[in-house]
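Keeping their order, the protein sequence lines are chains W and B. Letter by letter, the first sequence follows residues 4 to 116 of the working numbering. Letter by letter, the second sequence follows residues 7 to 119 of the working numbering. All C-beta atoms in this analysis are idealised placements derived from N, C-alpha and C, irrespective of residue type, glycine included. Input: a single structure, listed below in structure tokens.
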Amino acid sequence: GESVGLHLPTLSVQEGDNSIINCAYSNSASDYFIWYKQESGKGPQFIIDIRSNMDKRQGQRVTVLLNKTVKHLSLQIAATQPGDSAVYFCAENIGGSQGNLIFGKGTKLSVKP
Amino acid sequence: KAGVTQTPRYLIKTRGQQVTLSCSPISGHRSVSWYQQTPGQGLQFLFEYFSETQRNKGNFPGRFSGRQFSNSRSEMNVSTLELGDSALYLCASSLGLRGNTIYFGEGSWLTVV
């Protein structure tokens, strides 16, 4: 079935390095994408979002890239810090359905000091 | 500005019982969505309410229900609890329009024994 998936279930990086977390989506009707960070015992925390009419969006130390041709989404974290250690989820929102997010399985990011 | 508040944070129920979880959205938000998170299935959409009306519904049995009050606060109920209902139940709120950021609460941890 159609779903949002992740290429890498775990990612380990050195503190100060850049991290790239990837996500594939298969629903061509999706027009809004969101990245969330979830720390142990907490709810998902909004990081950044992007609409389908954009290819790139930047935030503070984070950049999201959207490639609609291959249905691929990525989250880049610059100068990764220990506090970035968490599970990262991408989510897609299908057109016409505002509150219904389809989540990927998540990627666990571990930052080594 | 207070975030999304969920109560109770932790609860234990016995099979066959029913449970009600509560969610207070961010002030001014009219959309409330509920999600179930389990290690095996990840984050799955339950339903969304907007202005006291259910706007979207996920693929869960009828034992899962919800409602929204005029002040946008929402409750979800699970009847005839099963062991498999043990999960983190997350509430999310937004202004309710396409592309509005969706913010999550810390969740309610339900254990069914």
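Asked: Where W:Gly86 falls: helix, strand or coil (DSSP); Found: helix
Asked: 3-residue-minimum beta strand (DSSP E) runs that sit fully inside the segment 75-112 of chain B, ordered along the chain; Found: 80-84 and 93-100
Asked: Rounded separation between B:Tyr109 and W:Asn103 - CA only; Found: 13 Å
Asked: Min CB distance W:Tyr35 to chain B below 8 Å; Found: yes
Asked: Short Cβ contact (8 Å threshold) for W:Ala32 with W:His75; Found: no
Asked: One or two residues paired with B:Arg73 in a DSSP bridge; Found: B:Glu81
Asked: Rounded C-alpha distance that separates W:Leu9 from B:Phe75; Found: In this prediction, W:Leu9 scores a pLDDT of 39, lower than 50, which makes its location untrustworthy; the coordinate-derived value is nonetheless stated afterwards. W:Leu9 and B:Phe75: Cα-Cα distance of roughly 37 Å.
Asked: Below-8 Å beta-carbon distance, B:Glu88 vs any chain W residue; Found: no
Asked: Distance between B:Ala93 and B:Gly46 (C-alpha atoms, nearest Å); Found: 10 Å
Asked: Minimum C-alpha distance to B:Gly113 - residue among B:Gln24, B:Gln23, B:Gly22 and B:Ser30; Found: B:Ser30
Asked: Contact list for B:Arg69 against chain W, beta-carbon separation under 9 Å; Found: Chain W residues near B:Arg69: none, gap ~20 Å exceeds 9 Å.
Asked: Length-filtered (3 minimum) beta strand (DSSP E) runs lying within the segment 25-106 of chain W; Found: 33-41, 48-54, 59-61, 65-70, 75-80, 89-97 and 104-106
Asked: Among B:Asn65, B:Gly9 and B:Ile18, the one whose alpha carbon lies nearest that of B:Met35; Found: First, the residue type needs correcting, since residue 35 of chain B is His and not Met in the sequence shown. It is B:Gly9.
Asked: Amino acids of chain W, ordered along the chain, whose beta-carbon sits closer than 9 Å to that of B:Leu1; Found: Only positions 7 to 119 of chain B appear in the structure, and residue 1 of chain B is not among them; the question remains open.
Asked: Per-residue DSSP class, three states only, for W:Val114; Found: strand
Asked: Any chain W beta carbon closer than 8 Å to B:Tyr16; Found: no
Asked: For W:Glu18, the three-state DSSP class (helix, strand or coil); Found: coil
Asked: Host beta strand (DSSP E) of B:Asn62 (start-end); Found: Thr59 to Lys63
Asked: Reduced DSSP secondary structure (H/G/I, E/B, other) of B:Val119; Found: coil
Asked: Helix, strand or coil at B:Lys148 according to DSSP, with G and I counted as helix; Found: Given a span of 7 to 119 for chain B in the structure shown, any question on residue 148 of chain B remains unanswerable.
Asked: DSSP three-state assignment for B:Phe51, whether helix, strand or coil; Found: strand
Asked: Three-pair Cβ contact test at 8 Å for the segment 84-93 of chain W versus the segment 33-50 of chain W; Found: yes
Asked: Range of the contiguous beta strand (DSSP E) that encloses B:Val25; Found: Val25 to Ser30
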